[in-house]
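Using this note's numbering, you'd call the opening residue of the sequence shown number 36 and step up by one each time. Report on the structure given below.
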Amino acid sequence: GVGLGWALCAKYTAAAPGIGIFGWHLVKCGRRPARELAMLGWMALGCGLAVAPFLVNGWLFTRNPVYPLYFGGLHWSEENTRLLTLFGCVGYDFSLGDPPSIARSAFRLMTEEQPLFLLSLPLIAVMRGRWLTPFVVAWLGALAAWSVGVPCLRLMMPMFPAMSLVAAVAMAPAWTSPAPRRRLTRMATAAILALGLIETIGATDSNHRGFNAAMGLEASEHYLGRILTTYDEATRVVNRTVPVHERLLVIGDARGYRFRPLAYNRDIEDTPVVLDLARGARDSHGIRVAFRQMGVRWVLLNFVTSEYLSAFTNQVFQWRPLELQRSREFWALWTSIVWHSPRADGNNGGFVLYRIGAQPGPGQAILPYLPGAEGVGIRGPGESPQAHLARLAMVDRMAPGITFLDARAASSALAAGQPGEALRLASRGLHSGYVESHVLHGERGLALGQLHRWREAARAFAAAEALHPEETRYHVLRLSAERYARGPSDR
């Protein structure tokens, strides 16, 4: 019972094996009700005493002992509950209605997580003893509960120690048996552990090639710079720029490690911070006051992952016109850009570091980004280019001159056959500090091509190619525009 309570402090899903264990003792109440009920009482008492500090702490800080389940709590609304229902475990590992997914997950569980359990399965099958039946019943019940509720292997971690225990009990007699069987058991154990190690290293090394770093053959700083790319660069800049005693708000990125200053962020189910502040403030000064109350003077935006995550959260967290207006005024008057990534990265994103001033500035006519509102520019499912363009035009009236949104609107204008509007939108923020300005030059080139202004289109594609030479399409488009500019004989 105490162990179950401690496990609940680490993960709510640890309740699943507890349900199975309690259920087994209830089944046995028919024969020895007094003894079984006493056992249940002692287990419940031990569990309650062990988990009580965690529950009290949750109630004191969130007004919900099992935050955020069932009772909501501070900063938790129906929107958060809805999003948690939709994306509570991003990337489910298996589904009861999909047998191949169950087979794949079982293979991963046995090979990557529990290779010794895989080896001991034949011995477990022939084991005898009264202890085995309640164990199997309890864990089958836990597995069923997990499968229906949260079918993710990472949430089944409370099951791993128990599986290891069963494997040890099953293999202990063979480990100390006479010589031939003992030798075979030990050789098989060494082999399965070696194979499990090789499989695990191969699975984890296939993407990031971290084995050399783990063995000391590659410097850790070089390794982290290679796999974290723009994030590694952002952490170095923050650690050099932001005083260690100050606080940093991270928008659009769930990672907070490697920062020396205290870094705040929110999970995908949480209401975005900037949207939360814009909803609760009357004007841009109210947002500034809220940041001061939080003790935050620095903001780090990952504009790539912020837009990516918004594709999931847009259907729940939606910006209203006045909220966009307040937010735009705040970022224009109260903030300044200290640094931004030279180039965005498809894996780790692109970053912009803002400093919040003590006094309002003169204001900025053009902003490269509107932090936290990147999802506004996403074209929704079934939304036509014309409808998307019209919606962003309404957004522009409340929050004008956001280059990030202009780039998305320009793409829809090209698809809608409005090259003049696309050219205007793509040209407006060329010098705003927008990191992916090669996209703007590329859109300008496409718009100029539709307007048959080929020489200007070639220059626009050349500018995009110079900024982002890895994108071969700019080179091809530049050559095509140059051929059209020379005349029909060269086409």
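Note that beta-carbon positions come from the ideal geometry of N, C-alpha and C, so glycine has one too. Remember, it's a predicted structure, so these values are computed and weren't measured experimentally.
Whole angstroms is fine: what's the gap from ALA428's alpha carbon to TRP366's?
20 Å
From the DSSP output, in three-state form, read off LEU109 for me.
coil
Would you mind working out which of ASN382, PHE57, ALA87, LEU259 sits nearest ALA5, comparing C-alpha positions?
Not covered by the structure: residue 5. The range shown for the chain is 36 to 526.
Bridge partners - LEU283, DSSP secondary structure assignment
ALA298, TRP333
With 16 other CB atoms within 10 Å as the buried threshold, where does ASN115 fall?
buried
For SER467, three-class secondary structure by DSSP
coil
Could you pull out every residue in the same chain whose Cβ sits closer than 8 Å to the Cβ of SER255, ignoring the five residues on either side in sequence?
ALA248
In the DSSP assignment, the alpha helix (DSSP H) including ILE159 goes from what residue to what residue?
150-160
Assuming ILE401 contacts THR370 (C-beta within less than 8 Å), just tell me the rounded distance between them.
ILE401 to THR370, Cβ: 14 Å. No contact.
Give the C-beta separation of VAL351 and LEU118 to the nearest angstrom, bearing in mind that I take them to be a contact with Cβ-Cβ under 8 Å.
5 Å
ALA393 versus ARG323 - alpha carbon distance:
9 Å
Could you tell me which residues DSSP puts in a beta bridge with SER371?
ARG390
Pick from LEU263, VAL285, ILE159 that is closest to TYR299, judged by C-alpha positions:
VAL285
Between the CA atoms of GLY407 and GLY315 - distance to the nearest angstrom
15 Å
Rounded distance between the beta-carbons of VAL272 and ASP388, thought under 8 Å:
In the sequence as presented, Asp is not what sits at residue 388; that position holds Leu. The Cβ separation is near 6 Å, so the contact holds.
Do you know how far the Cα of LEU335 is from the Cα of TRP374?
10 Å
Would ALA461 and ARG479 qualify as a contact pair, given that the criterion is a beta-carbon distance under 7 Å?
yes
From SER212, ARG459, SER136, GLU505, residue whose alpha carbon lies closest to that of LEU188
SER136
Start-to-end residues for the alpha helix (DSSP H) that takes in TYR266:
255-276
Between the C-alpha atoms of VAL161 and TRP41, what's the straight-line distance to the nearest angstrom?
33 Å
Under the three-state reduction of DSSP, which class applies to GLY81: helix, strand or coil?
helix
State yes or no: is the C-beta of ARG514 within less than 7 Å of the C-beta of ALA495?
Note that residue 514 is Leu in the sequence shown here, rather than Arg. In this structure, ALA495 does not lie closer than 7 Å to LEU514 by Cβ.
Check whether the Cβ atoms of ASN349 and GLY410 sit closer than 7 Å, and answer yes or no.
yes
Cβ-based burial, ILE236 [other Cβ within 10 Å; buried from 16]:
exposed
How big is the Cα-Cα spacing for PRO356 and ASP380?
31 Å
Which of helix, strand or coil does DSSP assign to ASP431?
helix
Taking buried to mean at least 16 other C-beta atoms within 10 Å of its own C-beta, is GLY132 buried or exposed?
exposed
Please classify GLN328 as buried or exposed, where buried requires at least 16 neighbouring CB atoms within 10 angstroms.
exposed
Pull up the DSSP beta-bridge partners for GLY384, would you.
ASP380
Would you mind stating whether ALA448 and LEU475 have Cβ atoms separated by less than 7 Å?
no
Expressed to the nearest angstrom, what Euclidean distance is found between the alpha-carbon atoms of GLY522 and ALA493?
14 Å
Relative to the C-alpha of HIS110, which candidate in HIS503, ASP305, GLY251, ALA223 has its C-alpha closest?
ASP305
Exposed or buried, what is LEU200 when buried is set at 16 or more other beta-carbons lying within 10 Å of its beta-carbon?
exposed
Residues in the same chain with beta-carbon distance under 8 Å from ALA49, minus the five sequence neighbours each way, listed in chain order, please.
LEU39, ALA42, LEU43, PRO193
In its own chain, which residues sit with a C-beta less than 6 Å from the C-beta of LEU151, not counting the 5 before and 5 after it?
ALA202
With distances taken Cα to Cα, identify the nearest neighbour of MET198 among ALA223, LEU230, ARG218, LEU154.
LEU154
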